[in-house]
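First up is the structure itself, then whatever we jot down about it.
Number of protein chains: 2
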Amino acid sequence: MKLDSEHLEILAMIVEKGGLTEGAEALGKSQPSVSRTMALLEDRIGAPLFEPGKRPLRPTELGENLARLGARIHALNAEASRLVQSYRRGHTGRLRIAGTPIFMDGVVSTFIADFQTRHPDVQIAQSYGYFDQLATSLRNGGLDMAIVPLHQGSVPADMSFVPLLPGRNVIAARAGHPLTRRKTITLADIEPYPWIAPPADSPLFRDLQRALKSIGKEDFRVSFSGGTLASIISILAGSDSLTVLPYSVVFLTRKTSGLEALRLKIEHPDRQLGMLTFDRASLPPALRQFGDFLKDEVALLEARIQHEAQVTRRRG
Amino acid sequence: MKLDSEHLEILAMIVEKGGLTEGAEALGKSQPSVSRTMALLEDRIGAPLFEPGKRPLRPTELGENLARLGARIHALNAEASRLVQSYRRGHTGRLRIAGTPIFMDGVVSTFIADFQTRHPDVQIAQSYGYFDQLATSLRNGGLDMAIVPLHQGSVPADMSFVPLLPGRNVIAARAGHPLTRRKTITLADIEPYPWIAPPADSPLFRDLQRALKSIGKEDFRVSFSGGTLASIISILAGSDSLTVLPYSVVFLTRKTSGLEALRLKIEHPDRQLGMLTFDRASLPPALRQFGDFLKDEVALLEARIQHEAQVTRRRG
DNA sequence: GTCTAATATGATCTGATGTTATGAAGCTGG
DNA sequence: CCAGCTTCATAACATCAGATCATATTAGAC
Chain H
1 MKLDSEHLEI
11 LAMIVEKGGL
21 TEGAEALGKS
31 QPSVSRTMAL
41 LEDRIGAPLF
51 EPGKRPLRPT
61 ELGENLARLG
71 ARIHALNAEA
81 SRLVQSYRRG
91 HTGRLRIAGT
101 PIFMDGVVST
111 FIADFQTRHP
121 DVQIAQSYGY
131 FDQLATSLRN
141 GGLDMAIVPL
151 HQGSVPADMS
161 FVPLLPGRNV
171 IAARAGHPLT
181 RRKTITLADI
191 EPYPWIAPPA
201 DSPLFRDLQR
211 ALKSIGKEDF
221 RVSFSGGTLA
231 SIISILAGSD
241 SLTVLPYSVV
251 FLTRKTSGLE
261 ALRLKIEHPD
271 RQLGMLTFDR
281 ASLPPALRQF
291 GDFLKDEVAL
301 LEARIQHEAQ
311 VTRRRG
Chain Y
1 MKLDSEHLEI
11 LAMIVEKGGL
21 TEGAEALGKS
31 QPSVSRTMAL
41 LEDRIGAPLF
51 EPGKRPLRPT
61 ELGENLARLG
71 ARIHALNAEA
81 SRLVQSYRRG
91 HTGRLRIAGT
101 PIFMDGVVST
111 FIADFQTRHP
121 DVQIAQSYGY
131 FDQLATSLRN
141 GGLDMAIVPL
151 HQGSVPADMS
161 FVPLLPGRNV
171 IAARAGHPLT
181 RRKTITLADI
191 EPYPWIAPPA
201 DSPLFRDLQR
211 ALKSIGKEDF
221 RVSFSGGTLA
231 SIISILAGSD
241 SLTVLPYSVV
251 FLTRKTSGLE
261 ALRLKIEHPD
271 RQLGMLTFDR
281 ASLPPALRQF
291 GDFLKDEVAL
301 LEARIQHEAQ
311 VTRRRG
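Keeping their order, the protein sequence lines are chains H and Y. With the first letter of the first sequence counted as 1, position 229 gets the number 229 in the UniProt record's numbering; the numbers rise by one all the way through. With the first letter of the second sequence counted as 1, position 273 gets the number 273 in the UniProt record's numbering; the numbers rise by one all the way through.
Next comes the structure, spelled out in structure tokens:
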């Protein structure tokens with residue numbers, strides 16, 4: 001014999017409020033409805049839940065015990081409702097976000113930290129990858145958002161792309177590097193220094209190749225490759241090596257990493273760093289929250305970058 | 001927005017069983033029914049509970065979290081069902097039982113102890129009282145059973161009475177009392193001894209008066225009155241006092257109390273000690289259990305009493 | 001691709017639950 | 001002790017969730 005949880009909740013409310021009429025009101029139901037429901041429940045149970053012939057309806061011992069269980073069921077049910085509400089508002093949920101390693105480590109993770117102080121109940125699972133793999137994960141539901149550099153024209157038809165920043169790369173070196181003071185840098189100037197390269201299959205590596213080619217340098221000596229941002233920063237800080245990094249990464253981490261961008265114009269890839277999502281019927285609401293947050297934060301970052309660029313230009 | 005607990009339970013089962021079809025089977029429902037229920041729940045929640053386009057149906061993160069709550073709700077609901085079952089079988093419940101003090105203390109409480117080792121989940125609230133008060137309590141639902149001496153003809157019309165023992169009273173004294181060895185006792189023999197009397201409003205007190213009158217003794221000296229059985233036993237044991245007690249009480253407690261019945265025939269009230277209940281539509285099932293138990297136990301006791309009486313007669 | 005098993009949908013019926021109106025019965029205060 | 005108030009139960013009806021069987025659809029596997 002299975003009881004109806006709803007019935008038990010109603011019973012609990014009646015007992016709590018001390019009467020059927022009050023209970024019905026508290027439940028937002030009509031008094032006859034509640035009365036009949038209790039009659040039905042008593043029939044099924046085969047035992048009285050209320051003392052017979054008592055007018056402010058008083059529960060029997062069995063009624064009281066069942067009401068206690070009903071109250072606990074009600075609490076769980078209410079918790080479920082709260083969970084759903086919180087989820088729908090994007091305040092709860094699990095987000096699986098992946099992106100190109102350097103940008104994730106250098107920029108996005110900072111903002112994830114900020115986001116989580118605001119929405120502590122949103123779990124974020126971060127991982128790394130490049131476009132093809134990430135697109136596959138998005139399609140098969142293994143990922144909620146990819147943060148990748150992408151050309152506007154090459155956004156897959158079944159996906160949405162929200163640009164965050166232009167894919168502006170710079171040559172970076174340690175703050176005290178001989179080249180960082182120079183106003184103009186020639187190809188010959190950078191000739192002596194070894195290079196640190198991102199993994200060979202990363203877009204950043206191709207950027208590096210293209211950038212150097214654009215200033216006429218066809219081959220370059222790679223002294224270290226494949227590390228994450230933390231390794232790259234360590235190596236750069238401890239040597240005179242050079243590398244290519246997104247300017248946003250240099251800008252954000254320079255306080256703590258001691259990196260600087262060389263004043264050497266290199267070709268910018270015609271891509272935008274942005275948020276890629278698969279067009280499903282419904283995306284997790286927390287994803288919208290996160291996307292909006294990230295867009296706002298990155299816009300602020302971009303404004304700071306632009307501001308400094310103007311100041312720098314003005315100063316010469 | 002209120003969710004249906006039943007829906008959450010179904011969700012929990014689907015997640016537990018790893019698929020809708022299996023879940024439906026485990027729930028004893030048809031597959032289409034469960035499918036539509038989940039569709040309805042998703043509509044109400046406004047978010048998917050299952051990964052879209054996955055064939056062994058797999059829950060989303062929200063689905064999993066709600067399923068956890070559903071499982072807990074299910075556990076509570078099942079506990080409610082068990083409680084009802086246990087109650088209906090008389091294995092759970094609260095019984096409020098009252099009776100005349102001496103008989104309750106001397107006989108019934110012993111059997112209550114035995115009953116509770118068999119049915120530990122039946123709470124028994126014992127109290128004391130005489131007929132009028134107990135009948136009132138039975139009628140207004142403050143009491144489940146009264147154990148009283150009653151004449152068959154004076155059972156109220158709205159009550160049921162199940163006799164347990166004849167209301168056989170004896171004159172009791174301590175085991176070593178001068179009168180306990182005598183085969184025949186005369187009025188003159190008992191003259192010197194003081195009496196212990198039950199409370200003046202108790203039926204036992206009236207029995208005492210009647211009994212003494214029946215053997216020609218019109219007045220008697222009361223040295224102590226009003227105590228419970230424990231006091232009476234103490235006083236009797238420490239003096240040569242006499243009193244009137246139900247034979248069953250003397251029989252059951254003599255081992256530990258050191259009381260004996262004098263071999264003096266006194267008039268027996270034409271009453272039976274028995275169980276009185278108010279005829280309600282439904283009595284607590286545990287009450288039936290207890291009533292049956294008490295009837296059986298007292299029948300055994302009566303058999304022992306009869307057996308001993310025969311042996312004693314034969315020996316002279 | 002094709003086949004199979006899992007899920008969704010259509011059509012239909014039953015029963016629970018909601019409503020308003022009204023009857024019955026306990027409680028209360030003079 | 002009776003009148004009147006309050007509380008609960010019942011009647012009559014409307015609605016919708018939820019059950020069924022039959023069948024369409026589709027994801028996964030070989």
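Glycine residues also receive a C-beta, built at the ideal position from the N, C-alpha and C atoms. Every value quoted in this text rests on a predicted model; they were computed, and no experiment measured them.
Neighbourhood of residue i by C-beta, 8 Å cutoff - its chain only, sequence neighbours within 5 removed
i      : result
M159/Y : A135, L138, L276, T277, F278 and D279
I305/H : Y247, S248 and F251
V122/Y : G90, H91, T92, G93, R94, L95, F115, Q116, A286, Q289 and F290
A98/H  : M104, Q126, S127, Y128, G129, L134, S137, L143, M145, A146 and I147
Test: residue i CB closer than 7 Å to a CB of chain Y
i      : result
S35/H  : no
G216/H : no
S5/H   : yes
M159/H : no
E10/H  : Looking at the sequence shown, residue 10/H is not Glu but Ile. No, no contact with chain Y.
L179/H : no
M145/H : no
R72/H  : yes
I45/H  : yes
Cutoff 7 Å: residue i Cβ touching any chain H Cβ
i      : result
A39/Y  : no
N77/Y  : yes
V84/Y  : yes
N65/Y  : yes
L69/Y  : yes
A80/Y  : yes
S282/Y : yes
M13/Y  : no
L62/Y  : yes
E51/Y  : yes
Proximity test, residue i beta-carbon vs the ligand NAP heavy atom, cut-off 6 Å
i     : result
A80/H : Summarising the ligand content, the structure contains no ligands, and the ligand NAP is consequently not present.
Range covered by the alpha helix (DSSP H) that runs through residue i
i      : result
P32/H  : Q31 to I45
T253/H : Y247 to S257
P203/Y : P203 to S214
R116/Y : Rather than Arg, the amino acid found at residue 116/Y in this sequence is Gln. Its alpha helix (DSSP H) spans residues S109 to R118.
L20/H  : L20 to L27
S81/Y  : E61 to R88
L134/H : F131 to R139
Enclosing beta strand (DSSP E) for residue i [first to last residue]
i             : result
Y128/Y        : V122 to Y128
I14/Y         : Taken as a continuous stretch (DSSP letters only), I14/Y belongs to no beta strand (DSSP E), being part of the alpha helix (DSSP H) at S5 to K17.
H97/H         : According to the sequence shown, residue 97/H is Ile rather than His. First-last of the beta strand (DSSP E) with I97/H: G93 to G99.
residue 324/Y : With chain Y running from 1 to 316 in the structure shown, residue 324/Y is simply not present.
L276/H        : Q272 to F278
I147/Y        : M145 to L150
7 Å CB neighbourhood of residue i in its chain, flanking five on each side removed
i             : result
E302/Y        : L165
P163/Y        : Q272 and G274
residue 320/H : This structure does not reach residue 320/H, given that chain H is present from 1 up to 316, and the question cannot be answered.
L62/H         : A47 and L49
I232/H        : I196 and T243
L236/Y        : A172, A173, R174, I196, T243 and L259
H7/H          : T37 and L41
G187/Y        : Reading the sequence as shown, one finds Leu at residue 187/Y and not Gly. Excluding sequence neighbours, L187/Y sits near I215, G216 and K217.
S202/H        : T100 and Y130
I185/H        : L179, L262, R263 and L264
S223/Y        : P194, W195, I196 and S241
Other residues of its chain near residue i: CB distance less than 6 Å, five sequence neighbours each side excluded
i      : result
G291/H : M275
A71/Y  : A12
F220/H : W195 and L212
V15/Y  : P59 and A67
S225/Y : A197
L294/Y : F111
L57/Y  : G19, L20 and F50
Report task. Tell me the start and end of each unbroken beta strand (DSSP E) in the segment 162–244 of chain H that is at least 3 residues and wholly inside, in chain order. Result -> Counting only runs of 3 or more, we get 169–174, 195–197 and 222–225.
Requested in this report: Scan the segment 87–115 of chain Y for residues whose Cβ lies nearer than 9 Å to a Cβ of chain H and list them as they occur along the chain.
Outcome: Cβ contacts with chain H come from Y87, R88, T92, G93 and R94.
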